[in-house]
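Here's the structure we're looking at; comments come further down.
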Amino acid sequence: MNKIDLHTHTTASDGTLAPSELIEAAFAAGLETIAITDHDTTEGIAEALEKAGEYPSLEVIAGTELSSVYKNREIHIVGLFIDKDNAEFSAGLNSLKEKRTKRNISMINKLSGLGFDLTYDDLVSVSGGKVITRAHFARLLQEKGYVKSKDEAFGKYIGPGKPGYVKRDVLSAKDAIALIKKGGGLAVIAHPFMYGFNETGLETMAADFAGWGADGIECYYSTHSKSDTILALSLAETYGLLPSGGSDFHGENKPGLNLGSGYGELEVPEKILKDLRVKKYGK
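Per the numbering used here, the sequence shown runs over residues 127 to 409.
The structure is reproduced here in structure tokens:
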């Protein structure tokens, strides 16, 4: 049986393993297929593919995870089978990167105004020069001794509504799906139960996203209960979306969450990958 993980992160965004290290870990974990889906970037893909050349049994799928807004909530959309060299797609990612940089500078200014000795250069250093996320802010606050944990950083300072938080200027869900399509990818609703919708709201979201060209929805995910998976599979069938799944591995930024198996119970069926591949390639 093909062991699959279609949602993972590296140091190209907010994971703690470099792309080459993630490939080594995936092989050690017995994975046969892994998708690299860093936030708003594909910068880790080339390194991952090069390292994967040492492991012929391991398939690497180029992907990304775009943030979008829908009904005033931030919704994440995973893109799978992305053409990272597509000019129009790359231009879209560059625009997102510029908006993210402006937001990050605003957050540094807010935190500095609270009395914290932080600079944007500090933040860049913590991120290793990669896409900066709030996880990097949390790490910086912890390293500077202002908080004892990343959870405390989010809870006190950088979570929505907290004094250091700045709302991101992100794509609409419709536009995020369109951007993934421009890059030749399949657009998948990520972790659908994280957004606080009730069942009716989930149905509306699935219907709207399907109408905008989304291809799938994550039915198998590290924090899904059995009932969550059953409901997600029902939504997929009802609205013509393909099931997908993955761990959302971030390394040390999500302690106890492992590649391929999540918190121990995750298992993405092989048929998931076969159906996604047929949708992408027609075979």
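All C-beta atoms, glycine included, are put in the ideal place defined by N, C-alpha and C.
Quick caveat, the model's predicted, so the values are computed rather than measured.
Nearest-angstrom Cα separation, counted from residue j out to residue i
{"i": "E158", "j": "G390", "result": "18 angstroms"}
{"i": "G205", "j": "E147", "result": "22 angstroms"}
{"i": "E363", "j": "L266", "result": "43 angstroms"}
{"i": "V296", "j": "Y246", "result": "21 angstroms"}
{"i": "Q268", "j": "K288", "result": "17 angstroms"}
{"i": "E173", "j": "A217", "result": "21 angstroms"}
{"i": "T190", "j": "R260", "result": "17 angstroms"}
{"i": "M233", "j": "G408", "result": "45 angstroms"}
{"i": "N235", "j": "T355", "result": "41 angstroms"}
{"i": "A152", "j": "Y283", "result": "34 angstroms"}
{"i": "E200", "j": "Y321", "result": "8 angstroms"}
Short Cβ contact (7 angstroms threshold) for residue i with residue j
{"i": "G123", "j": "G141", "result": "Nothing in the structure corresponds to residue 123, since the chain is present only between 127 and 409."}
{"i": "K256", "j": "A138", "result": "yes"}
{"i": "I343", "j": "I315", "result": "yes"}
{"i": "K177", "j": "I208", "result": "no"}
{"i": "E396", "j": "N128", "result": "yes"}
{"i": "T386", "j": "A144", "result": "Note on identity: in this sequence residue 386 is Gly, with Thr being the wrong assignment. Not closer than 7 angstroms, so no."}
{"i": "L237", "j": "G285", "result": "no"}
{"i": "S348", "j": "G388", "result": "yes"}
{"i": "L244", "j": "I258", "result": "no"}
{"i": "A332", "j": "L361", "result": "yes"}
{"i": "H262", "j": "S251", "result": "no"}
{"i": "D166", "j": "L222", "result": "yes"}
{"i": "V404", "j": "I130", "result": "no"}
{"i": "A299", "j": "Y365", "result": "no"}
{"i": "D374", "j": "H202", "result": "no"}
Supposed contact pair residue j and residue i - C-beta distance, whole angstroms, cut 8 angstroms
{"i": "G339", "j": "A313", "result": "7 angstroms"}
{"i": "L368", "j": "D341", "result": "6 angstroms"}
Can at least three beta-carbon pairs, one atom from the stretch 149 to 167 and one from the stretch 186 to 194, be found at a separation below 8 angstroms?
Counting Cβ pairs under 8 angstroms, three or more are found: they touch.
Looking at C-beta atoms only, is the number of pairs between the stretch 306 to 317 and the stretch 268 to 281 that lie closer than 8 angstroms three or more?
no
3 or more residues per run - each beta strand (DSSP E) lying fully within the stretch 195 to 243:
199 to 206
Give the list of continuous alpha helix (DSSP H) stretches no shorter than 4 residues that lie fully inside the stretch 133 to 173.
Annotation: the stretch 133 to 173 contains the following complete segments of the alpha helix (DSSP H) (minimum length 4 residues), in chain order: 145 to 154.
Report the start-end ranges of each alpha helix (DSSP H) in the stretch 335 to 392 that is 4 residues or longer and not cut off at the edges.
352 to 365
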